[in-house]
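Q: If you're matching positions, the sequence shown starts at 125 in the numbering used here and goes up one per residue.
A virtual CB, placed ideally from N, CA and C, is assigned to each residue, including glycine.
This is the structure, below, for whatever I ask next.
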Amino acid sequence: MATTVKYDIAAIKEEVRQLVEKGLIDRQQPIYALCKYIPGRGWVCVELELEENDFLLRDRIIDLLSKEKWQED
């Protein structure tokens, strides 16, 4: 029995936040850059979820990071 991973928009945003914090992706890269970090079958689900939430693959990663917390120096 195969396990299906549900990619909802909140989970996608959290994954993106973690990838940015680790320095694996940059805020200015297109959302399409995420495909390197999401397994092939899952990517189709991610694309559909992004589309349903009005995101395009050419949009920037920063668009998924709607509310970032900034620490003052």
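Please report the straight-line C-alpha distance between Phe-179 and Lys-146, rounded to a whole angstrom.
A: 23 Å
Q: Reducing DSSP to helix, strand and coil, say where Arg-151 ends up.
A: coil
Q: Tell me whether Leu-148 is buried or exposed, calling it buried when 16 or more other Cβ atoms sit within 10 Å of its Cβ.
A: An exposed status is given to Leu-148, since fewer than 16 other beta-carbon atoms sit within 10 Å of its beta-carbon.
Q: Given a cut-off of 7 Å on the beta-carbon distance, is the pair Val-140 and Leu-188 in contact?
A: yes
Q: Can you name the residues that DSSP bridges to Leu-184?
A: At residue 184 the sequence reads Arg, which differs from the Leu that was named. For Arg-184, which the question treats as bridged, DSSP gives the partners Pro-154.
Q: Give the straight-line distance between the Cα atoms of Arg-182 and Glu-171, rounded to the nearest whole angstrom.
A: 12 Å
Q: Using DSSP with H/G/I as helix, E/B as strand and the rest coil, what is Leu-189?
A: coil
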